[in-house]
Every structure is written in structure tokens, then in C-alpha cells.
Amino acid sequence: MYQLLVEEGNDVEDDISEGEAEIFGDQIQKTSISNTTDATLKPTQPPKSKNNKKNSPPIAHYKKKNIKSPWCALGDFNNALYSFERIGCEPVHPKGTEPFVACLASTGLYDIKVIGPSNHSLILLSILDAERSKPPIRYCNSWYLHPEFEPILLSCWSTPLQGNPSFILSKKLKILKGSLKGWAKVHFSDFKRKKEAIRTELNLVQLQLQNKSLDPTLCALETRARAQLSLLIEMEAMDLAQKIDCDWMLMGDRCNEYFYNSIKEKKKGRSSTWQITNDQENRIEGQQLASEAFIRFYIELLGSPSTAYCTTDLIEGIEVRNVIDYVTADEITKEISGVKIRNVMFSIEDNRAPGVDGFNAFFYKKYWAIVGADVIKAVKFMFTTKHIHKGTNSTILCLIPKKPNASKVGEFRPIPCCTTLGGLEIRVLRLNYSTG
């Protein structure tokens, strides 16, 4: 695409050079544009002939004197401006672009940098009704930077509760999530508007400081505004890094278009299945029907409950191998120290998928001084009673594509996503087995 910009009040030259007339003589369409009426100009295509071997671009030449308002001419010239612009066919020799470059230079046309798929490729669009559900609240790492988060955590954690340690820990996390819903919406939304407001305040204070550079009140206001702006920028960077699930993102990479597009792709593309092909090769559309197709597929794959009766003689005749002895079983379930539990927790990756409860390892590490005692009691309770609390043992089944562009129910692999506390107990159990 190319545009011709004309400044207001300037005349538009209707003369063309001899070189342009020789190359584009059969493609020039002279048209007058009225100041009061709109006109649509369609450039003429070059006639087909044996001598016309070059794919010369069609061009419209506009004639208008004393234009009183800005205007522009747009067009698709179907010609490469540079030799590297053609992809998927024979490369263009630089000699073949010289006439077009000379024409643009003489007429004042400028290249509009448009990036996107070719408009000559056909595409089939399917418009489906979006069924959006409210996602569960999850702990954001940027909350750690806010000065109000720790007092909220202390208030929720000091709530008196009755029950076993696993129940108490699960209940405190649930109370904390309820307190954070409204708070997070107020303080961690619309970072752009908040940054602009603080920047405006900072600029006003700095303008006043130019006249009163030694005013202690203005100096204090500037220091506070700069600290607030720096805190907002850092919180936004941490929030984006967690949403995009990016470990190599730097502070300088925040807020650019690439990361916002990655967040949209992750939310809308990877976490939704709009249509799927079931095991009968029928295409299913809609999230509800697609989920039912997945459930039916795995029910048939795993089998239905059997009604056959199994006798004790049949069980006794089965040879069972690789059975651990009682000594090893006692070693696995022996009481573990709080130091080991802490070391296992701090070995878990910060941004590991948190599971149903929404609290990742980053939360437990940063506030171990507050929540660590309850976590240790819950893990020790599990080893003592051989019982895992249902809140800790809850998992999410995630469907991961086995290959790119998976379209059938059998092309997805179910992966269980347990909670951070559930993963902690499994790792502690594994540690006991390896050292026992």
C-alpha cells in the first residue's frame, strides 16, 4: 500500500516526466476531484500484450489545482518496491524495481508499513458463540510488592479455627482468597491509567520545583510520586511476566505489543477448545459439546465398572512383584523434620502451576515466616494419620496437545495439575523413600 500526501493549500502537479509516461503511459488515468463531492478513483490495469513482459504497477495520476484541505491517495500496486519483499517465488532483481522506485520518488508516494497475511489467500471463518466462565482467583506475584498485602495476610492468618492441621491450613487459604477478591480488583487493574495520573502529578511537582527548588514540602511530594511510579512499573512488569509465563522477560520488555499479544493468545487460544473431532470422526462445535466429547472418550478408554465377581482364589494365584517390605514402608512414612519440609518447599519452582487453590510456591516462600508453621503441621499430620485432606488432594486435569494443531479427542494428553501443597507432600514422600 502507498499513499500520496499533499499539504494543505499547495497545488498538485499534473505533469509527469518522460520516463514515467514511457513506463506507465497506458496506465495513467487523469481525474479531477471536486472540493464538494467525493470521488472514487480506480487505476487502470495494463493491457495484455506480448511486448508487455514487465509487471508494471498501475498508477492513478490526480489533477487538482488549489486544494484547500489535506488529502491522500491509496492503492495496491502489486509490485515489489525492494528485491527482498517477494517471498515464496523467484527473487526480484534490483534492476526490476528501479522504474517503480523512480516513479514513487517523483510523485511523492510513501510506503505504508502494513504487516499481515496476504489478502489474496482464501480463508474459511467459523463464528462460534463464546461461553466465558469466571476464572478462579489466583495469587499474583506482584501482590508481594504492595504494602497492604501483608497486613491482610496477617489478619486472615490470625483467625481462630478448630480442626486438624490440614483443615485449618485449607480454611485459612480460603479465607484469604475471599479477602483478596475485591482488594486485587481495586489495586491491580488499569495500570496504564494509574501510571498516567502519577506521571501528571510528578510533572506538576517538578514544574513547581523549578521555581522553589529548596521547598521541603515539594521535595517530599516529588520523592513520594517517584516512589509510587516506580512501584507501579515494577508491579506491572511482574504481573505481565507471570501472565505470559515468561522467565526470561526483562524490565525493559514490559508493556510492548508482543507481550500483550502473547497474553491474549494464552487466554483465548491455548485455554479454549471451540471445536473438536470425536472418535466417530464427527466435528463437534461449542465448548459444552466439546467437553462432553472428551469425557465420553476417556470413559470409553478407561472402561466402565465391571460386574464380574472376583474370587479370593483368583487373587491368591496372582504373583505380585516389586513389593516393598514393612521396614521400607515405615521409613517412607516416618516423621520428617520441619527443616526438610522447608527445604523441599523452597526447591519448588516459583511459577509452577498452582492448582485449584491458586497459591503458587512463590507465595509460600515469600511469606514462610507467617504460613510456614501451619504448612509444616499439615505435612506432618499427613505422615502421622496417612490421610491427605481433600482440599490438598484436589487436582485439575489439563489437556495438552500431543502435536501442533491437534483437532481430535485422541490427540490430547491429560495431565493432572495438583496444588502446591499436594506437590509438596509428594516430594517429601519421595525424599523419604530415596533416603530411607
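Here numbering that gives the first Met the number 0 is used: position 371 in the sequence shown is 370, and no number is missing along the way.
Each residue gets a CB set at the ideal place from its N, CA and C atoms; glycine is no exception.
Since the model is a prediction, treat every value here as computed from it, not as a measurement.
| Check | Outcome |
| --- | --- |
| List, from N- to C-terminal side, the alpha helix (DSSP H) runs of 4 residues or more that fit wholly inside the region 155-200. | 164-186 |
| Quick check on cysteine 417: buried or exposed, where buried means 16 or more other Cβ atoms within 10 Å of its Cβ? | buried |
| Would you mind reading off the limits of the beta strand (DSSP E) that contains threonine 394? | 394-400 |
| Report the three-state DSSP secondary structure of glutamine 279 (helix, strand or coil). | coil |
| Near serine 406, which residues of its chain fall below 6 Å by C-beta distance, leaving aside the five closest residues on each side in sequence? | Thr276 |
| Leaving out five residues before and five after lysine 402 in sequence, what residues of the same chain have Cβ atoms less than 7 Å from its Cβ? | Glu410 |
| DSSP three-state call for isoleucine 331: helix, strand or coil? | helix |
| I believe proline 413 touches leucine 398 by the beta-carbon criterion, under 8 Å. Please report the beta-carbon distance rounded to the nearest angstrom. | 6 Å |
| Which residue from Val427, Glu149, Ala372 and Met344 puts its Cα closest to that of leucine 175? | Glu149 |
| How far does the beta strand (DSSP E) with leucine 108 in it reach, from first residue to last? | 108-110 |
| Give every residue of the same chain whose Cβ lies closer than 6 Å to the Cβ of alanine 360, excluding the five residues on either side of it in the sequence, and list them in chain order. | Ile347, Asp349, Arg351 and Thr419 |
| Tell me, to the nearest whole angstrom, how far the beta carbon of leucine 423 is from that of methionine 344; I am working on the premise that it is less than 8 Å. | 6 Å |
| Could you check where the alpha helix (DSSP H) with cysteine 218 kicks off and where it finishes? | 215-243 |
| For the alpha helix (DSSP H) containing phenylalanine 411, name the first residue and the last one. | Looking at the DSSP string, phenylalanine 411 is not in any alpha helix (DSSP H); the run it does join, the beta strand (DSSP E), is 411-417. |
| In chain order, what residues of the same chain have a beta carbon less than 7 Å from the beta carbon of tyrosine 432, not counting five sequence neighbours either side? | Ile331 |
| What residues are listed by DSSP as bridge partners for glutamine 274? | Glu284 |
| Give the DSSP bridge partners of lysine 407, in chain order. | Thr276 |
| How would you label asparagine 78, buried or exposed, when you count the other beta carbons within 10 angstroms and need 16 or more for buried? | buried |
| Please report the straight-line C-alpha distance between glycine 421 and arginine 225, rounded to a whole angstrom. | 42 Å |
| What three-state label does DSSP hand alanine 79 in the structure shown? | coil |
| Among residues of its own chain, excluding the 5 on either side of aspartate 356, which ones have a beta-carbon nearer than 6 Å to its beta-carbon? | Leu172 and Thr418 |
| Sort Cys102, Thr158, Gly177 and Met381 by Cα distance to proline 135 and report the nearest one. | Gly177 |
| Apply the 10 Å Cβ neighbour rule to leucine 300 and answer buried if 16 or more other Cβ atoms are within range, or exposed otherwise. | exposed |
| For arginine 137, report the span of its alpha helix (DSSP H) as first-last. | It is not in any alpha helix (DSSP H) - arginine 137 carries neither H nor E in the DSSP assignment. |
| Given 8 Å as the limit, is there contact between the region 137-154 and the region 178-186, that is, 3 or more CB pairs closer than that? | yes |
| Taking 8 Å as the limit between beta carbons, can you name the residues of its chain near valine 100, skipping five residues before and five after? | Leu80 |
| Measure how close the beta-carbons of leucine 231 and lysine 193 come, nearest whole angstrom, since I'm counting them as under 8 Å. | 6 Å |
| Where threonine 158 and tryptophan 142 are concerned, what is the direct C-alpha to C-alpha distance, given to the nearest angstrom? | 21 Å |
| Express the C-alpha separation of tyrosine 325 and histidine 386 in angstroms, rounding to a whole number. | 19 Å |
| Rounded to whole angstroms, what's the CA-CA distance from arginine 320 to lysine 333? Just pull it up for me. | 24 Å |
| Can you look up alanine 352 in the DSSP assignment and give me helix, strand or coil? | coil |
| Can you give the beta carbon distance from arginine 341 to glycine 390, rounded, assuming they're within the 8 Å contact cut? | Not quite, the Cβ-Cβ distance comes to about 21 Å (not below 8 Å), so this is no contact. |
| Are cysteine 139 and phenylalanine 83 closer than 9 Å when you measure CB to CB? | no |
| Compare the Cα-Cα distances from isoleucine 369 to each of Trp156, Leu103 and Leu208 and report the closest residue. | Trp156 |
| By a C-beta neighbour count over all protein chains shown, 10 Å radius and 16 as the cutoff for buried, is tyrosine 109 buried or exposed? | exposed |
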